[in-house]
Ligand code: NAD
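Residue numbers (my numbering): 18 to 340.
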């Protein structure tokens, strides 16, 4: 394998001691969530990512009904590098069949994930999209079960993920200090929504590491636009499309601007972007290295922010009514 000196910045993740590349590899596209991907394309994307300094890979049994875990596992194995050179996160509790955050299910889940990933352990095991379960069950049953999994050595750290930001304060205020190591928030630190910023001081006070996923707002901030299933309102979709058209006309890349916007905040350890091709890996790594070398295009950002302003911080409902 030809080696390239990693140029990507590494940032510490909370109190874990892990150092993650500031750009992380979101593997949901490897589950064909954003269109079909061949094994060869997936392998090449993972290989190129690692070669360019990305050391953080995120998946879930939910992505493509376990396909993403299998494809990622194969691609990581094919790298042929020592296990401690990359960080792998997977999730539990959300499956194509539905949600199940019971201790029994999540305990079986990690075994199944490790088998699909062909690994002995993962670095982070998250409860996936907890707003769809009872938050009290997460606190009283799921996180204690994950603690046991941690003690068994099958995961090194524990996390929680989900869309509404109140889930983080709800859970972190109720679990023993140090029992949740990391949170993964998505679609809340991108050009069209920066509300994650409001809870960063709180998360830091709890010693919790912060991963920000979906800097491209799950495709809203790309030239080709979001997939069919995207939950944004028509107004949000059309504002983002107008911003993308503006960038195209000015021969600028909306995706690059969006990546750079998310990378600017160094309190966020890693920006997880979904990737399915070598080209996307190259572009997203270049967004980070160009940012470090010459900063963000302030004028283009100001124009895009002005276009998006009427819908800024607009989100969409996610989860169940908590009793
Ligand atoms: P994203 O904002 O990263 O957008 C992904 C889309 O953008 C895909 O269609 C991808 O092909 C495309 N893309 C990537 N790079 C591009 C480029 N340079 N130019 C044009 N298009 C580009 O959304 P995401 O994939 O949903 O989020 C990133 C990752 O974060 C996921 O893969 C997943 O691992 C994780 N995630 C987790 C949760 C959760 O736990 N609840 C939720 C969302 C995302």
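Every residue gets a Cβ at the ideal spot worked out from N, C-alpha and C, and that includes glycine.
Cβ neighbour criterion (16 or more within 10 Å) applied to residue i
i, result
"residue 159", "buried"
"residue 178", "buried"
"residue 115", "exposed"
"residue 326", "exposed"
"residue 20", "Only weak support exists for where residue 20 lies, its pLDDT of 49 falling under 50; the value from the coordinates is given anyway. Classification of residue 20: exposed, given that the 10 Å Cβ count is below 16."
"residue 107", "buried"
"residue 297", "buried"
"residue 140", "buried"
"residue 71", "buried"
"residue 57", "exposed"
"residue 239", "buried"
"residue 55", "exposed"
Contacting residues, own chain, Cβ-Cβ under 8 Å from residue i (five flanking each side not counted)
i, result
"residue 224", "31, 32, 194, 195"
"residue 26", "38, 39, 305, 309"
Any non-hydrogen atom of the ligand NAD within 7 Å of residue i CB
i, result
"residue 118", "no"
"residue 178", "yes"
"residue 289", "yes"
"residue 51", "yes"
"residue 386", "The structure shown has nothing for residue 386, since the chain only spans 18 to 340."
"residue 38", "no"
"residue 58", "no"
"residue 231", "yes"
"residue 245", "no"
"residue 341", "Because the chain in this structure spans residues 18 to 340, residue 341 falls outside the shown range and cannot be described."
Neighbourhood of residue i by C-beta distance below 6 Å, restricted to the same chain and skipping five residues each side
i, result
"residue 234", "204, 207, 209"
"residue 73", "37, 38, 41, 104, 287"
"residue 120", "158, 162"
"residue 192", "156, 160"
"residue 98", "none"
Residues near residue i in its chain [Cβ-Cβ closer than 7 Å; skip 5 each side]
i, result
"residue 324", "256, 259, 260, 263"
"residue 266", "none"
"residue 201", "143, 176, 178, 228, 230"
"residue 166", "124, 127, 142, 172"
Integer Cβ distance of residue i from residue j, believed to fall under 8 Å
i, j, result
"residue 274", "residue 317", "6 Å"
"residue 290", "residue 282", "15 Å between Cβ atoms; not a contact."
"residue 142", "residue 172", "4 Å"
"residue 360", "residue 248", "Nothing in the structure corresponds to residue 360, since the chain is present only between 18 and 340."
"residue 133", "residue 86", "4 Å"
"residue 336", "residue 148", "3 Å"
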